[in-house]
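Residue numbers (UniProt numbering): 23 to 343.
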Ligand code: 13P
Ligand code: SF4
């Protein structure tokens with residue numbers, strides 16, 4: 023509508039005037055993904071977002087995603103002004119892994135290498151030897167396992183279980199989960215597959231093992247999008263946040279993408295395949311990040327913490343280069 027077009031035009035003008043660039047995740051609203059692309063920013067998975075933010079020439083980054091993505095950008099580029107549409111956009115994995123408790127868990131196993139998922143606070147990263155995202159976790163754990171390392175893994179137990187199964191690595195797991203992916207139901211997926219026998223099943227590894235086991239391709243958001251382009255199937259059942267459909271449909275408009283079913287054992291879904299925190303990234307909030315009080319939007323990471331968290335993050339980026 024007219025108000026939305028007006029808002030988008032205003033945001034475009036503000037981005038230019040402030041020498042700012044937008045970095046958006048595939049789970050944000052399609053209009054935000056489109057805006058990021060139209061204005062020379064990027065829409066990406068969490069590893070690519072980190073790289074793009076680090077390499078951007080602009081001194082101001084608008085990170086449309088969740089808190090850990092903004093913190094990662096700030097850790098990698100402390101000299102940049104990193105703004106988020108709202109600082110309230112958290113993640114159940116981050117919430118379920120408080121730094122003091124995680125650190126105590128690590129202290130109990132000093133002979134283990136600590137590998138944490140990017141979906142964590144700066145303080146948890148600061149306690150880690152390695153940070154990983156879902157696109158690179160398998161390779162990094164494989165590498166550590168080849169060196170005979172025993173691993174503490176946190177916080178996503180489903181991603182951890184998938185990696186342990188694939189690599190055979192010795193992994194002690196923190197018991198966290200993503201509220202969105204945890205709701206995908208293997209039983210309902212079986213019923214759906216019976217209705218679409220030729221469909222390929224694409225699954226993000228934050229989903230339960232029973233769902234991952236049914237997948238034709240497992241991977242990060244970018245890897246699932248690539249799989250949807252590469253595979254010959256006409257129809258895909260996709261177990262991840264529904265924000266991803268925008269890019270899949272844009273890249274292959276002739277293919278059909280269906281949401282994987284949520285809510286097992288008669289339960290109704292709560293998040294229904296859309297992350298409530300990603301959904302907080304609206305046009306009004308982006309405009310506010312570019313105009314209103316910086317304290318409501320700017321990411322700050324304590325200097326000492328930042329230096330510690332940078333080590334495992336840099337390790338990941340060097341490994342994946
Ligand atoms: P990726 O984009 O790295 O697959 O991460 C998904 C995610 O958890 C973002 O919330
Ligand atoms: Fe966290 Fe899941 Fe939301 Fe991603 S989709 S931000 S993992 S709660």
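Beta carbons: idealized from backbone N, C-alpha and C, even for Gly.
Legend entry - As assigned by DSSP and simplified to three states, the class of residue 44: For the purposes of this step, residue 44 is identified with residue 22 of the chain shown, where counting begins at 1. The answer is strand: DSSP assigns residue 44 an E or B state.
Legend entry - Which of helix, strand or coil DSSP assigns to residue 202: In the chain shown, residue 202 corresponds to position 180, counting from 1. Three-state DSSP puts residue 202 in coil, outside helix and strand.
Inset, instruction - Return the residue from the list 155, 193, 31 that minimises the CA-CA distance to residue 309. - result: Position 287 of the chain shown, counted from the start, is the residue given in the question as residue 309. Answer by Cα proximity: 31.
Legend entry - Element boundaries [beta strand (DSSP E), containing residue 281]: For the purposes of this step, residue 281 is taken as residue 259 along the chain shown, with counting starting at 1. Per DSSP, residue 281 belongs to the beta strand (DSSP E) from 278–281.
Legend entry - Integer-rounded CB distance, given that residue 55 should sit under 8 Å from residue 269: Indexing the chain shown from 1 puts residue 269 at position 247. Indexing the chain shown from 1 puts residue 55 at position 33. About 7 Å; that satisfies the 8 Å criterion.
Inset, instruction - Using only the heavy atoms of the ligand 13P, determine whether one of them is closer than 7 Å to the beta carbon of residue 141. - result: Walking along the chain shown from the start, residue 141 turns up at place 119. Under cutoff, so the answer is yes.
Inset, instruction - Report whether the distance from the Cβ of residue 119 to the nearest heavy atom of the ligand 13P is below 7 Å. - result: Position 97 of the chain shown, counted from the start, is the residue given in the question as residue 119. Incorrect: residue 119 has no Cβ contact closer than 7 Å to the ligand 13P.
Legend entry - Chain-order list of residues whose beta-carbon lies under 7 Å from that of residue 244 (same chain, five-residue window excluded): In the chain shown, counting from the first residue as 1, residue 244 sits at position 222. Only 66, 67, 70, 157 meet the Cβ criterion.
Inset, instruction - Measuring alpha carbon to alpha carbon, tell me which of 73, 121, 64 ends up nearest residue 86. - result: To locate residue 86, count along the chain shown from 1; it is residue 64. Residue 64 is the option with its Cα nearest to residue 86.
Inset, instruction - Counting only the same chain and skipping the five closest in sequence on each side, list residues whose C-beta sits under 6 Å from that of residue 183. - result: Within the chain shown, residue 183 is the residue found at index 161, counting from 1. Hits under 6 Å: 231.
Legend entry - For the ligand 13P, residues whose Cβ lies under 5 Å from any non-hydrogen atom: 67, 68, 155, 156, 242, 243
Legend entry - Status (buried if at least 16 other CB within 10 Å, exposed otherwise) for residue 216: If you number the chain shown from 1, residue 216 lands on position 194. Residue 216 should be labelled exposed.
Inset, instruction - Using 7 Å as the cut-off, classify the Cβ of residue 299 as near or not near the heavy atoms of the ligand SF4, replying yes or no. - result: Numbered from 1 along the chain shown, position 277 holds the residue referred to as residue 299. True, at least one ligand heavy atom lies under 7 Å from that Cβ.
Inset, instruction - Run the proximity test for residue 203: is its beta-carbon closer than 7 Å to any non-hydrogen atom belonging to the ligand SF4? - result: On the chain shown, residue 203 is found 181 positions in, with the first residue counted as 1. Checking the Cβ of residue 203 against the ligand SF4 gives yes.
Legend entry - residue 64 CB to nearest heavy atom of the ligand SF4 below 7 Å: Position 42 of the chain shown, counting from 1, holds the residue named residue 64. No, Cβ of residue 64 sits at least 7 Å from all heavy atoms of the ligand SF4.
Inset, instruction - Pick out whichever of 148, 169, 175 has its Cα sitting closest to the Cα of residue 159. - result: Numbered from its first residue, the chain shown carries residue 159 at position 137. When only C-alpha atoms are compared, the closest one is 175.
Inset, instruction - Could you please give the first and the last residue of the uninterrupted alpha helix (DSSP H) stretch that includes residue 223? - result: In the chain shown, residue 223 corresponds to position 201, counting from 1. First-last for residue 223: 222–225, but that is the beta strand (DSSP E), not the alpha helix (DSSP H).
Inset, instruction - Could you say if the stretch 270–288 and the stretch 304–321 meet the contact criterion of at least three C-beta pairs nearer than 8 Å? - result: no
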